[in-house]
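Visitor: There's a structure below that I have some questions on.
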Ligand SMILES: CC(=O)SCCNC(=O)CCNC(=O)[C@H](O)C(C)(C)COP(=O)(O)OP(=O)(O)OC[C@H]1O[C@@H](n2cnc3c(N)ncnc32)[C@H](O)[C@@H]1OP(=O)(O)O
Ligand SMILES: O=C([O-])CC(=O)C(=O)O
C-alpha cells in the first residue's frame, strides 16, 4: 500500500506562488508594499498614491497622480441601477451582502467585463476604487433612514468618503486616521480573500467575479469580519472593570477572541503599532478613555493568559466606532481599501496564470455496489 500523502490543512505554511505586490515578514515584523514599508506610506502618502503603487509597482509621477485623481473623482457617483439594487435590498441585509450585490451589478453593467486585457483590468480596478465609498456610505445612511449624499469632486478620497457618510467635513485628525486605516488595510499578500480572488482569476473569469468572491471570503469573522466582532466584544464587556471576568469566562468556553491572533504573524501584526497610534488619537479626540482602558486591559489579558497579540482589526474597530461608523459598516470599509490589493493580485495572477486546482486525499467509503433501485 502506498503511503498516504501529507495534508496541509488550511494550506498553513505552504507557498503556492510568487508575488511582487507585498512582502509580509513575520521575523522582522514588517510589511512592504512594492518594497516600501507600510508605516512610511501611511505617514506620508495619500491612499490614491498607494492604490497606484499597488497596481503599477511604482509611485505615480505628479502628472499620473493628477490624471488618476481626476478619473477617480469623475467616477464616484453610482449608476441608477446600482443604486436601485441597493434600495431593493432590505435594510436588515448584512452590509457585506449589499456591497457584494452592488459590485456584481457594476460588473454586469460593464460591456467589457470579460475583457482581461491589462488596460481594461486597470480601468475596472479604478472604477471599483472610485465607487466603493459611495456604496458603503449610502448603505450606512439608508440603514439610518437618511438620504444619499452625492460625492463632492472638490474633496480627496478620504474627505469625500467621510462627507458622503456623515454629511459634514471631517476634522483634519479624523481624515488622517481614516486615511491611515485605508493604507494599512490595502494589501496583505495571500490572505484568504486575496487567494479567493486569485483562484477565480485563475479560471480566466472576469475581475468583477474575483472581487465578488473575495468580498464573500472577507465577510467571515476569522478574516475581515473580525473588526466588527471586536466592537461587539467591547459592547458585551461593557466597562473596563468587567474585562478580566469576561476574558476568563470566554477562554474557559474555548471562544476565539476576535481581533487577536494571525496565521502568519505570531509575534504581533506589523500594522498594529501604526493603527494603534491613530486609534489613541481618535479616542482622545472623541474623549473615550474608557474604551482605551478596555482595549489595553483585554490586550494585556490575552498576552498573559494566551500569549496572543492583536491583529489590525483590533485597533481598527474602536477607531471606526468613535468616528461614527456603525459596527456593521466596518468590514465594508475593509473592502473599500482591499479592493486595491485584490485587483493588483488578479492582474498579477493573469500575467503568469496557472489554474489553481489542488488535490484532496479521499477518505470516504470504498467503492461499493449500487443497490438495485
Ligand atoms: C485582517 C485579518 O483578517 S487578521 C485575522 C482576523 N481574525 C480574527 O481576529 C479572528 C480571531 N483569530 C483567530 O481565529 C485565529 O488567530 C486566526 C484564524 C486569525 C489564525 O488562526 P490559525 O493560524 O489557524 O491558528 P489557530 O486557530 O490554529 O490557533 C492556534 C492556537 O491559538 C489559539 N488562538 C488563536 N487565535 C486565538 C484567539 N483569537 N483567541 C483565542 N485563542 C486563539 C487557538 O485556539 C489555538 O490553540 P490550540 O493550539 O490550543 O488549539
Ligand atoms: O493575512 C491574513 O491572513 C489576514 C490579514 O491580516 C489581512 O488580510 O490583512
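In the working numbering, the protein residues as written are 924 to 1296.
Virtual Cβ for every residue (Gly too), placed ideally from N, Cα, C.
Please list, following the chain, all residues that have a C-beta closer than 5 Å to any non-hydrogen atom of ligand 2.
Guide: The answer, residue by residue, is 1111, 1114, 1186.
Visitor: Do the segment 1264-1274 and the segment 1039-1056 meet, that is, are 3 or more Cβ pairs less than 8 Å apart?
Guide: Yes: the two stretches touch, three or more of their Cβ pairs being nearer than 8 Å.
Visitor: Write down every uninterrupted run of the alpha helix (DSSP H) in the segment 1160-1205 whose length is 4 residues or greater and which is fully enclosed by it, in chain order.
Guide: Taking only runs of at least 4 residues, the alpha helix (DSSP H) segments lying wholly in the segment 1160-1205 are 1166-1175.
Visitor: Using a Cβ-based criterion (distance less than 7 Å to any ligand heavy atom), does residue 1226 qualify as near ligand 1?
Guide: Sequence index remark: in the chain shown, residue 1226 carries index 303 (1-based). No - ligand 1 has no heavy atom lying nearer than 7 Å to the Cβ of residue 1226.
Visitor: Count the CB pairs spanning the segment 1187-1201 and the segment 1152-1163 that are closer than 8 Å, and state whether there are at least three.
Guide: Because the criterion of three Cβ pairs below 8 Å is not met, the segment 1187-1201 and the segment 1152-1163 do not touch.
Visitor: Out of 1033, 998, 1186, 1168, point me to the one whose CA is closest to residue 933's CA.
Guide: Walking along the chain shown from the start, residue 933 turns up at place 10. It is 1186 whose Cα lies nearest to the Cα of residue 933.
Visitor: Check whether the Cβ of residue 1235 lies closer than 7 Å to any heavy atom of ligand 1, and answer yes or no.
Guide: By 1-based counting over the chain shown, the position of residue 1235 is 312. Yes, ligand 1 has a heavy atom inside 7 Å of this Cβ.
Visitor: Can you tell me whether residue 1090 is buried or exposed? The criterion is at least 16 other CB atoms within 10 Å of its CB, across all chains shown.
Guide: On the chain shown, position 167 is the one that residue 1090 refers to. Looking at its Cβ environment, which holds fewer than 16 other Cβ atoms inside 10 Å, residue 1090 is exposed.
Visitor: Please say whether residue 1235 and residue 1307 have beta carbons closer to each other than 8 Å?
Guide: Absent from the structure is residue 1307, since the part of the chain shown begins at 924 and ends at 1296.
Visitor: Does DSSP put residue 1059 in a helix, in a strand, or in coil?
Guide: Locating residue 1059 in the chain shown gives position 136, where the first residue counts as 1. Reduced to three states, the DSSP call for residue 1059 is helix.
Visitor: Kindly give me the distance between the Cβ atoms of residue 1088 and residue 1060, rounded to whole angstroms, as I take these residues to be in contact under 8 Å.
Guide: Position 165 of the chain shown holds residue 1088. Position 137 of the chain shown holds residue 1060. Indeed, because the Cβ distance is near 4 Å, the residues count as touching under 8 Å.
Visitor: Taking all protein chains shown into account, decide if residue 909 is buried (16 or more other Cβ within 10 angstroms of its Cβ) or exposed.
Guide: Because the chain here runs from 924 to 1296, residue 909 falls outside it and cannot be looked at.
Visitor: Under 7 Å: does the beta carbon of residue 1069 sit that close to some heavy atom of ligand 1?
Guide: The residue labelled residue 1069 in the question sits at position 146 within the chain shown. Because no heavy atom of ligand 1 lies under 7 Å away, the Cβ of residue 1069 does not count as near it: no.
Visitor: Since residue 948 sits in a beta bridge, which residues does DSSP pair it with?
Guide: Residue 948 sits at position 25 when you count from the first residue of the chain shown. Partner(s): 953.
Visitor: Can residue 1146 be considered in contact with ligand 1, in the sense that its beta carbon sits closer than 7 Å to one or more heavy atoms?
Guide: Here residue 1146 is taken as the residue at index 223 of the chain shown, counted from 1. For ligand 1, at least one heavy atom lies less than 7 Å from the Cβ of residue 1146.
Visitor: Between residue 1130 and the rest of its own chain, which residues show a CB-CB distance below 6 Å, the 5 nearest in sequence each way excluded?
Guide: As a first step, residue 1130 must be located in the chain shown, where it is residue number 207. Excluding positions up to five away in sequence, the list reads 1044, 1047, 1269.
Visitor: List the endpoints of the continuous alpha helix (DSSP H) containing residue 1302.
Guide: Nothing about residue 1302 can be read from this structure; the chain reaches only from 924 to 1296.
Visitor: State the start and end residues of the unbroken alpha helix (DSSP H) segment that holds residue 987.
Guide: Position 64 of the chain shown, counted from the start, is the residue given in the question as residue 987. It spans 985-997 - the alpha helix (DSSP H) in which residue 987 sits, taken as one unbroken run.
Visitor: Taking the continuous alpha helix (DSSP H) assigned at residue 1100, which residues delimit it?
Guide: Numbered from 1 along the chain shown, position 177 holds the residue referred to as residue 1100. Where residue 1100 is concerned, the enclosing alpha helix (DSSP H) stretches over 1095-1108.
Visitor: Shorter than 7 Å, the distance from the beta carbon of residue 933 to the closest heavy atom of ligand 1, or not?
Guide: Position 10 of the chain shown, counting from 1, holds the residue named residue 933. Yes, the beta carbon of residue 933 sits closer than 7 Å to at least one heavy atom of ligand 1.
Visitor: Measuring only the C-alpha atoms, how far is residue 1017 from residue 1172?
Guide: Residue 1017 sits at position 94 when you count from the first residue of the chain shown. Residue 1172 sits at position 249 when you count from the first residue of the chain shown. Answer to the nearest angstrom: the Cα atoms are 29 Å apart.
Visitor: Could you check where the alpha helix (DSSP H) with residue 1212 kicks off and where it finishes?
Guide: On the chain shown, position 289 is the one that residue 1212 refers to. Looking at the DSSP string, the run of the alpha helix (DSSP H) that includes residue 1212 is 1212-1229.
Visitor: Quick check on residue 897: buried or exposed, where buried means 16 or more other Cβ atoms within 10 Å of its Cβ?
Guide: The chain is shown only over 924 to 1296; residue 897 falls outside these bounds and no answer can be derived.
Visitor: Grouping DSSP H, G and I as helix and E and B as strand, with all else coil, what is residue 959?
Guide: Residue 959 sits at position 36 when you count from the first residue of the chain shown. Three-state DSSP puts residue 959 in a strand.
Visitor: Let's test the definition: count the other Cβ atoms within 10 Å of the Cβ of residue 1158 and tell me whether it reaches 16, buried, or not, exposed.
Guide: For the purposes of this step, residue 1158 is taken as residue 235 along the chain shown, with counting starting at 1. Exposed.
Visitor: Just to confirm, is the Cβ distance from residue 1124 to residue 955 under 8 Å?
Guide: As a first step, residue 1124 is located in the chain shown; it is residue number 201 there, counting from the start. As a first step, residue 955 is located in the chain shown; it is residue number 32 there, counting from the start. No, they are not a contact pair.
Visitor: Does the Cβ of residue 941 have 16 or more other Cβ atoms within 10 Å, making it buried, or fewer, making it exposed?
Guide: Numbered from 1 along the chain shown, position 18 holds the residue referred to as residue 941. Exposed, because fewer than 16 other Cβ atoms sit within 10 Å of the Cβ of residue 941.
Visitor: With residue 1240 and residue 1153 assumed to form a contact (beta carbons below 8 Å), what rounded beta-carbon distance in angstroms separates them?
Guide: By one-based count along the chain shown, residue 1240 stands at place 317. By one-based count along the chain shown, residue 1153 stands at place 230. So it is a contact: roughly 3 Å between Cβ atoms.
Visitor: Which one or two residues does DSSP pair with residue 1233 in a beta bridge?
Guide: For the purposes of this step, residue 1233 is taken as the residue at position 310 of the chain shown. In DSSP, residue 1233 forms a bridge with 1183.
Visitor: The alpha helix (DSSP H) with residue 1114 in it runs from where to where?
Guide: Along the chain shown, read from residue 1 onward, the residue named residue 1114 stands at position 191. Looking at the DSSP string, residue 1114 is not in any alpha helix (DSSP H), and its letter there is neither H nor E.
Visitor: Can you grab the Cα-Cα spacing for the pair residue 1012 / residue 1021, in whole Å?
Guide: Numbered from 1 along the chain shown, position 89 holds the residue referred to as residue 1012. Numbered from 1 along the chain shown, position 98 holds the residue referred to as residue 1021. Approximately 7 Å between the Cα atoms of the pair.
Visitor: Look at residue 1063 and residue 1252 and say whether their C-beta atoms are less than 8 Å apart.
Guide: Against the chain shown, residue 1063 aligns to sequence position 140. Against the chain shown, residue 1252 aligns to sequence position 329. Yes, these two residues count as a Cβ contact at 8 Å.
Visitor: On the criterion of 16 or more Cβ atoms from any shown chain inside 10 Å, does residue 948 qualify as buried, or is it exposed?
Guide: Mapped onto the chain shown, residue 948 falls at position 25. Residue 948 is exposed by the Cβ-count criterion.
Visitor: Just to confirm, does residue 1220 get its C-beta within under 7 Å of one of the non-hydrogen atoms of ligand 1?
Guide: Along the chain shown, read from residue 1 onward, the residue named residue 1220 stands at position 297. It does not: the Cβ of residue 1220 is nowhere closer than 7 Å to a heavy atom of ligand 1.
Visitor: Output yes or no for whether 8 Å exceeds the beta carbon distance between residue 1260 and residue 1109.
Guide: Stepping through the chain shown from its first residue, residue 1260 is reached at position 337. Stepping through the chain shown from its first residue, residue 1109 is reached at position 186. Against a cut-off of 8 Å, the Cβ pair of residue 1109 and residue 1260 comes out as a contact.
Visitor: Does the separation of the CB atoms of residue 975 and residue 1120 fall below 8 Å?
Guide: In the chain shown, counting from the first residue as 1, residue 975 sits at position 52. In the chain shown, counting from the first residue as 1, residue 1120 sits at position 197. It is not a contact, given that the beta carbons lie outside the stated cut-off.
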